[in-house]
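*Asks:* Numbering (my numbering), first residue to last: 132 to 411.
1) Beta strand (DSSP E) containing residue 304: first to last residue?
2) By how many angstroms is the C-alpha of residue 295 removed from the C-alpha of residue 249?
3) Can you tell me whether residue 312 is buried or exposed, with buried defined as 16 or more other CB within 10 angstroms of its CB?
4) Could you give the distance in angstroms between the alpha-carbon of residue 190 and the alpha-carbon of residue 160?
5) Cα-Cα, which of 183, 245, 176 and 275 is closest to residue 234?
6) Determine the DSSP secondary structure at residue 111, reduced to helix, strand or coil.
7) Considering only C-alpha positions, which residue in the set 200, 306 and 357 is nearest to residue 232?
8) For the segment 257–266 against the segment 297–312, do three or more pairs of beta-carbon atoms, one drawn from each stretch, fall closer than 8 Å, so that the two count as touching?
9) Quick one, which of 164, 269, 300 and 338 has its alpha-carbon nearest residue 369's?
10) Within this structure, are the beta carbons of residue 240 and residue 277 separated by less than 7 Å?
11) From this set, 377, 355, 197 and 196, which residue's C-alpha is nearest residue 393's C-alpha?
12) Shortest alpha-carbon distance to residue 351 belongs to which of 170, 164 and 345?
13) Could you check the C-alpha separation between residue 411 and residue 162 for me, to the nearest Å?
14) What number of angstroms, rounded off, separates the C-alpha of residue 223 from the C-alpha of residue 332?
15) For a quick check, are the C-beta atoms of residue 280 and residue 246 less than 7 Å apart?
16) Taking just the CA atoms, how far does residue 357 sit from residue 211?
17) Starting from residue 267, follow the beta strand (DSSP E) in both directions and report where the run begins and ends.
18) Given a threshold of 16 other Cβ atoms within 10 Å of its Cβ, counted over all protein chains shown, does residue 397 qualify as buried or as exposed?
19) Once you ignore the five residues that flank residue 416 on each side, which residues in its own chain have a CB closer than 8 Å to its CB?
20) Which whole runs of the beta strand (DSSP E) in the segment 317–358 are 3 residues long or more, in chain order?
21) Let me check understanding here. Comparing Cα to Cα, which of 371, 367, 348 and 366 lies closest to residue 360?
22) Return the residue from the list 301, 321 and 317 that minimises the CA-CA distance to residue 388.
23) Since residue 247 sits in a beta bridge, which residues does DSSP pair it with?
24) Quick one, which of 303, 253 and 180 has its alpha-carbon nearest residue 342's?
25) Confirm, please, whether the CB-CB distance from residue 299 to residue 386 is below 7 Å.
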């Protein structure tokens, strides 16, 4: 009986120590949160808002959460209204694959190198939560899983990049950059090419990212004006049109606004709400 009591006390002590360690070192701490929206000629486009949260992880890295509503195909949304019994087998099969994307979650190392990407969503037909995409970037390889799996070797000098309409994905480029205004730097990256949805095939490609910095300028968002750093990133993939993005940002790595070359005239995505809890 005494030995059982002692074993119970030891177990209780270990549990309390574990709880104390978890309280002292939580798995992640909130750093900041905010909201972006698309602006057309500096006027918000209603329904374009996306809320985000940045966390600091226990290992010193970061996690970015982006919450949004990326609607499924309009024709599929219309079909989802009708009873399934009224649809052909082909249409039911097509509808079952439709997903409305809702979340992007990315994790970064302490030096802002992208490590994991997850895109989550809900099935249009029944609202069931699904994982649309999951990518892991290790030291020598990037591996992605979606409708299918794909992988590509990655060099020590290369990084991983997934182009997504969320301005904070560019934070790391400026947080770790040693480039100064009027200078450029070039980096090799493995990029996930194209828009990912329930029907798309995944494609990892080798790309070149050129970062340019320019003198600071006054940025206007809504009724507010403030001094901002400005830069441009150009992603080049062989035999494809380059993706070029102009970025207004603050230190260290907070993105104020993003504007893509070739996008709708006068339109950009901008930070409309922001709250900081701790320094990076």
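Don't be surprised by glycine CBs; every beta carbon is placed ideally from N, CA and C.
Predicted model, so just to flag it, every value in this text is computed and none were measured.
*Replies:* If we stick to the structure as given:
1) It is not in any beta strand (DSSP E) - residue 304 instead sits in the alpha helix (DSSP H) that spans 302–306.
2) 11 Å
3) exposed
4) 11 Å
5) 183
6) The structure shown does not extend to residue 111, since the chain spans only 132 to 411, so no value can be given for it.
7) 200
8) Under the 8 Å Cβ criterion, the segment 257–266 does not count as touching the segment 297–312, having fewer than three qualifying pairs.
9) 338
10) No, they are not a contact pair.
11) 377
12) The closest CA to that of residue 351, considering only 170, 164 and 345, is found on 170.
13) Taking the straight line joining both Cα atoms gives about 7 Å.
14) Confidence is the limiting factor: at residue 223 the pLDDT is only 48, short of 50, which leaves the residue's position unreliable, though a coordinate-based value still follows. In a straight line, the C-alpha of residue 223 is about 21 Å away from that of residue 332.
15) no
16) Since pLDDT at residue 211 reaches only 45, below the 50 mark, its modelled position is unreliable, and no value is offered.
17) 260–268
18) exposed
19) No information on residue 416 is available, as it lies outside the stretch 132 to 411 that the chain covers here.
20) 335–352
21) 348
22) Answer by Cα proximity: 301.
23) 238 and 267
24) 303
25) yes
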